[in-house]
Amino acid sequence: MKYRAEIDGLRAIAVLPVLFFHAGFPAFRGGFVGVDVFFVISGYLITSIIHVDIKSDSFSIATFYERRIRRILPALFLVSLICIPLALLLMLPDEFESFSKSLIAVSSFSSNILFWQQSGYFEPANELKPLLHTWSIAVEEQFYLFFPLFLLLFRKLNTKRLIKLLLTTTVLSLGLAEYTAMHYSSANYYLLPSRAWELSIGAILAISLPLRKDINQPFSAWASLLGLGLIIYSVFSMNENVPFPSMVTLLPVMGTALIIAYSNPTNVTGKILCLKPIWGLGIISYSTYLWHQPLFAFARLREGDVTPGDYFILIVISLTFAYFTWRFVEAPFRNRKNLSRKKIFSGAAILSGAMIIFGSMGYFHSEDFIIMNDEQIHLLSYLHYDRAEPYREGSCFLREEQTFSEFKELCFKPGSTMIWGDSNAAALSYGLYKSLGELSQITSSACPPLKGFITSSRPHCSDINTFALEKIEALKPDLVFLHANWIAYKLKDDLEELTSNTILSVIQASPQSKIVILGGVPQWQPSLPVKLIKSGIKLEDMSLLRSEVYSEIHEQDMILKAVAQANHLEFISILDLFCKKGECLSSVRDQNDYEPFAWDSCHLTRSSSIQVSGKILQKLQRTAYPGTTLH
Numbered sequence: 172m173k174y175r176a177e178i179d180g181l182r183a184i185a186v187l188p189v190l191f192f193h194a195g196f197p198a199f200r201g202g203f204v205g206v207d208v209f210f211v212i213s214g215y216l217i218t219s220i221i222h223v224d225i226k227s228d229s230f231s232i233a234t235f236y237e238r239r240i241r242r243i244l245p246a247l248f249l250v251s252l253i254c255i256p257l258a259l260l261l262m263l264p265d266e267f268e269s270f271s272k273s274l275i276a277v278s279s280f281s282s283n284i285l286f287w288q289q290s291g292y293f294e295p296a297n298e299l300k301p302l303l304h305t306w307s308i309a310v311e312e313q314f315y316l317f318f319p320l321f322l323l324l325f326r327k328l329n330t331k332r333l334i335k336l337l338l339t340t341t342v343l344s345l346g347l348a349e350y351t352a353m354h355y356s357s358a359n360y361y362l363l364p365s366r367a368w369e370l371s372i373g374a375i376l377a378i379s380l381p382l383r384k385d386i387n388q389p390f391s392a393w394a395s396l397l398g399l400g401l402i403i404y405s406v407f408s409m410n411e412n413v414p415f416p417s418m419v420t421l422l423p424v425m426g427t428a429l430i431i432a433y434s435n436p437t438n439v440t441g442k443i444l445c446l447k448p449i450w451g452l453g454i455i456s457y458s459t460y461l462w463h464q465p466l467f468a469f470a471r472l473r474e475g476d477v478t479p480g481d482y483f484i485l486i487v488i489s490l491t492f493a494y495f496t497w498r499f500v501e502a503p504f505r506n507r508k509n510l511s512r513k514k515i516f517s518g519a520a521i522l523s524g525a526m527i528i529f530g531s532m533g534y535f536h537s538e539d540f541i542i543m544n545d546e547q548i549h550l551l552s553y554l555h556y557d558r559a560e561p562y563r564e565g566s567c568f569l570r571e572e573q574t575f576s577e578f579k580e581l582c583f584k585p586g587s588t589m590i591w592g593d594s595n596a597a598a599l600s601y602g603l604y605k606s607l608g609e610l611s612q613i614t615s616s617a618c619p620p621l622k623g624f625i626t627s628s629r630p631h632c633s634d635i636n637t638f639a640l641e642k643i644e645a646l647k648p649d650l651v652f653l654h655a656n657w658i659a660y661k662l663k664d665d666l667e668e669l670t671s672n673t674i675l676s677v678i679q680a681s682p683q684s685k686i687v688i689l690g691g692v693p694q695w696q697p698s699l700p701v702k703l704i705k706s707g708i709k710l711e712d713m714s715l716l717r718s719e720v721y722s723e724i725h726e727q728d729m730i731l732k733a734v735a736q737a738n739h740l741e742f743i744s745i746l747d748l749f750c751k752k753g754e755c756l757s758s759v760r761d762q763n764d765y766e767p768f769a770w771d772s773c774h775l776t777r778s779s780s781i782q783v784s785g786k787i788l789q790k791l792q793r794t795a796y797p798g799t800t801l802h
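Following our numbering, the residues of the sequence shown are numbered contiguously, the last one being 802.
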């Protein structure tokens, strides 16, 4: 096919938002759509080659996969291999075990399946996975495992019928994405069936564009400019709370399609994309994409808190490494004169096998690779904390898949204190229950106590919150605590309205109930036990340790406090009780034993739950309800 420089420029438009999104720059919260742009480009370019070869009876499966190996594997293997010594140096056993699994997945093009099974794409823990970004490469390679066979199977169809068939599969895949976005969000994000439509739109372009007649140049100019605008709008308007992929993904996808269909070197969009800096970045975009996530992840593992300035430096390093990788790895391996097909296939098989063997050893024997002392082992054990009993999991704290009908009667005590919220509220419930003797508990995974809150990752939240209000009306609790990991939901712009509406609903349901809003608990990244290990701090020191997101929690607290004051309610800042100048208590004493304040990044241990609950109840006794006994 004829080379189009503007397509390489489009790659730059795709990769930059991804880098800025992973760096956490707030303006680029929708930067993940860059991957969708890549999918459409890939579908267009690869199908252009396959379709022409099939029509001319020159298509070869072996040649096709040889091209894919030359294009994808050399740089991918280089980055993966360089990650190994860094992982040995900077990771703890659990982290290295997870990394080892990802090495196996990279070698078998199943990263998307692995990361789907581990967590949602937007979970904070993913920031520490050096090979997380390989999920998109796996999606592409899975698509190209079947797509050439699909085109071969229907090669006798005329072009119009083939396009209709592809349109049908595109619509079916998009419909599946729309459905699974609301019911199985993690699978929807990672897996091929709900991503295939993006690649197939590129494929449709590759087959249909050669058929069109002369194009009106003014129309092309405006259409391609519109496409660029749709991509830019998506980057700056979307965020991790948007169901994705779904119908809204049509914005960046159709924007990409318009650019591919209508941009050319003579119109404005084409000229922008062909500018040397943009075109040059596009040329090295694959290697840039490969390098950025490991550099970001290892920086986070080493430093814990990476500043915006650090990220800018890491981006520059990514681009530098990308240039040299393109120059000395990508380009030479694509040249058939340098290496024969036999050497390419055998080399790929040997390296894949070696990575699978090493990954298997690391997965089954991670403790042999990472040496730790007894105290570090004890701290690390908290990452496997058994929360079932203190949370009353499955009964009063619902898991992701459970609906409100699965709350048990033991969770409700008429007239007693109630706590309503997410897993942070469930962690606090243990201490409240121990202090009060009776407690009504309505808590559910990743469901804040906010009427009107809707998220694709937890489709049952709305019904659970409606149920909570019904229970408040029925039980008439004396006191209602509203508590959550408020910053997890990115509700800065909506938190005030949602909280105000919730308060009004509680008052309407039970006018005599007193409402207390609790601020967020201290948080540490990636987790408090890991940070204690890497900081060399002992539990018995009961040290203050910097919370990387203290200012973010404090900002949300101020919004909640203002809402509480406006409604003449009590707000209690947990930060004020346990933190000073951005540093928070890292461990607590329970008789002669010590426990970390949180067993992961933000969930209270049993001991800290008792201490936090005690401080809250003391403050209420002293300020909000003096002379009364809380029960």
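For glycine and all other residues, C-beta sits at the position ideal for the given N, C-alpha and C.
Only a predicted model underlies this, so the values are computations on that prediction, with no experimental measurement involved.
Check your understanding: Are Gly-690 and Phe-742 closer than 9 Å when you measure CB to CB?
Key -> Residue mapping note: residue 690 aligns to position 519 of the sequence shown, counting from 1. Residue mapping note: residue 742 aligns to position 571 of the sequence shown, counting from 1. It is a contact, given that the beta carbons lie within the stated cut-off.
Check your understanding: In its own chain, which residues sit with a C-beta less than 7 Å from the C-beta of Leu-380, not counting the 5 before and 5 after it?
Key -> Here the question's residue 380 lines up with position 209 in the sequence shown. When the five nearest sequence neighbours on each side are left out, the beta carbons in the same chain lying within less than 7 Å of the beta carbon of Leu-380 are those of Ala-432, in order along the chain.
Exercise for review: Output the distance between the C-alpha atoms of Thr-800 and Pro-700, rounded to the nearest integer angstrom.
Suggested key: Numbered from its first residue, the sequence shown carries residue 800 at position 629. Numbered from its first residue, the sequence shown carries residue 700 at position 529. Reliability fails at Thr-800, whose pLDDT of 47 lies under 50, so the model's placement of it is uncertain and the value that follows must be treated cautiously. Near 36 Å, if we compare the C-alpha coordinates of Pro-700 and Thr-800.
Check your understanding: Cα-Cα, which of Thr-341, Arg-473, Leu-461 is closest to Glu-501?
Key -> Within the sequence shown, the letter at position 330 stands for residue 501. Leu-461 is the residue among Thr-341, Arg-473, Leu-461 whose C-alpha sits nearest the C-alpha of Glu-501.
Exercise for review: Kindly identify the DSSP beta-bridge partner or partners of Gln-612.
Suggested key: For this step, residue 612 is matched to residue 441 along the sequence shown. Gln-612 is bridged to Ile-590.
Point to revise | Buried or exposed by the 16-neighbour rule on C-beta atoms within 10 Å, applied to Gly-346 | key: For the purposes of this step, residue 346 is identified with residue 175 of the sequence shown, where counting begins at 1. Under this definition Gly-346 is an exposed residue.
Review point. Below 9 Å between beta carbons: does that hold for Leu-399 and Thr-440?
Key: Residue numbering aside, residue 399 sits at position 228 when the sequence shown is read from its first letter. Residue numbering aside, residue 440 sits at position 269 when the sequence shown is read from its first letter. Against a cut-off of 9 Å, the Cβ pair of Thr-440 and Leu-399 comes out as a contact.
Point to revise | Beta-carbon contacts of Asp-224 that lie in its chain and below 7 Å, excluding the five residues immediately before and after | key: Position 53 of the sequence shown, counted from the first residue, corresponds to residue 224. Closer than 7 Å at Cβ, skipping near neighbours: Phe-230.
Exercise for review: Using beta-carbon positions only, say whether Leu-731 and Pro-693 come within less than 9 Å of one another.
Suggested key: On the sequence shown, position 560 is the one that residue 731 refers to. On the sequence shown, position 522 is the one that residue 693 refers to. Taking 9 Å as the Cβ cut-off, Leu-731 and Pro-693 do not qualify as a contacting pair.
Check your understanding: Would you call the region 242-257 and the region 346-356 in contact, with 3 or more CB pairs under 8 Å?
Key -> no
Review point. Whose C-alpha, out of Tyr-355, Tyr-404, Ala-655, Phe-469, is nearest the C-alpha of Pro-256?
Key: Looking up residue 256 in the sequence shown gives position 85. That would be Phe-469, whose Cα lies nearest to the Cα of Pro-256.
Practice item. Have a look at the DSSP bridge pairing and note the partners of Glu-741. Key: Mapped onto the sequence shown, residue 741 falls at position 570. Note: Glu-741 sits in a beta bridge opposite Val-687.
Point to revise | Buried versus exposed call for Thr-794 [16 or more other C-beta atoms within 10 Å across all chains shown] | key: Position 623 of the sequence shown, counted from the start, is the residue given in the question as residue 794. The residue is exposed, with fewer than 16 neighbouring Cβ atoms inside 10 Å.
Point to revise | Whole-number beta carbon distance between Tyr-361 and Ile-217, since they are thought to touch under 8 Å | key: Taking the sequence shown and counting its residues from 1, the one referred to as residue 217 is at position 46. Taking the sequence shown and counting its residues from 1, the one referred to as residue 361 is at position 190. About 21 Å separates the two Cβ atoms, so there is no contact after all.
Check your understanding: Quick one: what does DSSP say Ser-627 is sitting in, helix, strand or coil?
Key -> Position 456 of the sequence shown, counted from the start, is the residue given in the question as residue 627. Ser-627: coil per DSSP, three-state reduction.
Review point. With distances taken between CB atoms, is the gap from Thr-614 to Tyr-660 smaller than 9 Å?
Key: Reading the sequence shown from its first residue, position 443 is the one you call residue 614. Reading the sequence shown from its first residue, position 489 is the one you call residue 660. Going by C-beta atoms, Thr-614 is not nearer than 9 Å to Tyr-660.
Review point. Residues bridged to Asp-133 by DSSP?
Key: The chain is shown only over 172 to 802; residue 133 falls outside these bounds and no answer can be derived.
**Study point:** Proximity winner among Lys-705, Phe-390, Gly-524, relative to Leu-550 (alpha-carbon distances)
**Key:** Here residue 550 is taken as the residue at index 379 of the sequence shown, counted from 1. With distances taken between Cα atoms, Leu-550 lies closest to Lys-705.
Exercise for review: Would you kindly report the start and end of the unbroken beta strand (DSSP E) that includes Tyr-765?
Suggested key: Taking the sequence shown and counting its residues from 1, one reaches residue 765 at position 594. 764-767 is the span of the beta strand (DSSP E), which, as asked, contains Tyr-765.
Exercise for review: Could you tell me which of Tyr-534, Phe-203, Leu-788 sits nearest to Leu-603, measuring between CA atoms?
Suggested key: Taking the sequence shown and counting its residues from 1, one reaches residue 603 at position 432. When only C-alpha atoms are compared, the closest one is Leu-788.
Review point. From what residue to what residue does the alpha helix (DSSP H) around Asp-286 run?
Key: As a working mapping, residue 286 is identified with position 115 in the sequence shown. Note that residue 286 corresponds to Phe in the displayed sequence, not to Asp. Run containing Phe-286: 282-289, per the alpha helix (DSSP H) assignment.
Practice item. Determine contact between the region 300-314 and the region 325-341, defined as no fewer than three beta-carbon pairs at a distance below 8 Å. Key: Too few Cβ pairs lie closer than 8 Å, so no.
Review point. In three-state terms, what does DSSP make of Phe-163?
Key: No answer is possible for residue 163: the residues shown for the chain start at 172 and end at 802.
Point to revise | Heavy atom of the ligand COA within 8 Å of Glu-474 beta-carbon | key: Only the bare structure without any ligand can be found here, which leaves the ligand COA out of the picture.
Practice item. Measure the alpha-carbon distance for Thr-574 versus Asn-387 and round it to whole angstroms. Key: To locate residue 574, count along the sequence shown from 1; it is residue 403. To locate residue 387, count along the sequence shown from 1; it is residue 216. For Thr-574 and Asn-387, the gap between their C-alpha atoms comes out near 55 Å.
Check your understanding: Do Thr-588 and Leu-621 have their C-beta atoms within less than 9 Å of each other?
Key -> If you number the sequence shown from 1, residue 588 lands on position 417. If you number the sequence shown from 1, residue 621 lands on position 450. Taking 9 Å as the Cβ cut-off, Thr-588 and Leu-621 do not qualify as a contacting pair.
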